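Each number in the working numbering comes from the position in the sequence shown (counting from 1) with 167 added on.
The beta carbon of each residue, even a glycine, is placed where N, CA and C say it ideally should be.
All values derive from a computational prediction rather than experimental measurement.
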Amino acid sequence: MASSIVVPQGYGYVAAGIMTTIPILMAQSILVGVHRKRSAIKYPQLYAEKAETDASPAAYKFNCAQRAHQNTLEIIPVWYVVTLLSGLKYPVPSAIAIAYWSFSRALYTRSYITGGPDKRNSSIFVKLSYIGFWGVLYGSLHTTWNFMSGGI
Numbered sequence: 168m169a170s171s172i173v174v175p176q177g178y179g180y181v182a183a184g185i186m187t188t189i190p191i192l193m194a195q196s197i198l199v200g201v202h203r204k205r206s207a208i209k210y211p212q213l214y215a216e217k218a219e220t221d222a223s224p225a226a227y228k229f230n231c232a233q234r235a236h237q238n239t240l241e242i243i244p245v246w247y248v249v250t251l252l253s254g255l256k257y258p259v260p261s262a263i264a265i266a267y268w269s270f271s272r273a274l275y276t277r278s279y280i281t282g283g284p285d286k287r288n289s290s291i292f293v294k295l296s297y298i299g300f301w302g303v304l305y306g307s308l309h310t311t312w313n314f315m316s317g318g319i
């Protein structure tokens, strides 16, 4: 049996919200490159070794930039899935949640690079982004349940 999914009015906002992640990913990538050059960590070495970070603040900052970027890459697929699913029922709140997360990720990255791992979640803006995540997670679960109970 064939089923169809109707994309709700306002779903374009979901696409726009997802597009806000591109500048943060690009900026993080550039920051990793900048800090790699300053620290003289050569490719393909992914991180500076402990001895290098102990001897060089630049190597430590490189590791922090690399981790901020890697942390983003680890969670962004989850954000994409829950935003796309949640957006089918709640397009505007889903778009706002991921756009806000992108903004907070810039603060997260800055805090991580300048203050180290202990400071990465120090901003209230970063902490508030987790509320948005739980919202789109709930929305995606609700949407999925509706699909399943409707036979899709």
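Shown here, Gly302 sits in a helix according to DSSP, grouped into three states.
When C-alpha distances from Leu308 are compared across Leu252, Asp285 and Ala232, the shortest belongs to Leu252. About 13 Å separates the beta carbons of Tyr305 and Gly254, which is beyond the 8 Å limit, so they are not a contact pair. Taken atom to atom, the span from the alpha-carbon of Pro284 to that of Ile319 is near 43 Å.
Shown here, Ser261 sits in a helix according to DSSP, grouped into three states. The DSSP assignment places complete alpha helix (DSSP H) segments of no fewer than 4 residues inside the stretch 177-241 at 178-186, 188-206 and 217-222, in order along the chain. When the alpha-carbon of Ile263 is set against those of Val173, Ile185 and Gln176, the nearest one is in Ile185.
The beta carbon of Ser290 lies closer than 8 Å to those of Ser271, Leu274, Tyr275 and Ser278 in the same chain, with the five residues before and after it left out. Put simply, of Ser171, Val181 and Phe300 the residue whose alpha carbon is nearest the alpha carbon of Tyr257 is Val181. Counting only the Cα atoms, Val293 lies some 25 Å from Ala226.
Residue state for Ala169 is assigned as coil, using DSSP reduced to three classes.
The beta-carbon distance between Ser206 and Ser223, rounded to whole angstroms, is 6 Å. This is short enough to meet the 8 Å contact definition. Exposed is the label assigned to Thr281, since fewer than 16 other Cβ atoms lie within 10 Å of its Cβ. Take Ala183, set aside five residues on each side of it, and the residues of its chain with a beta-carbon closer than 7 Å to its own are Ala262, in chain order.
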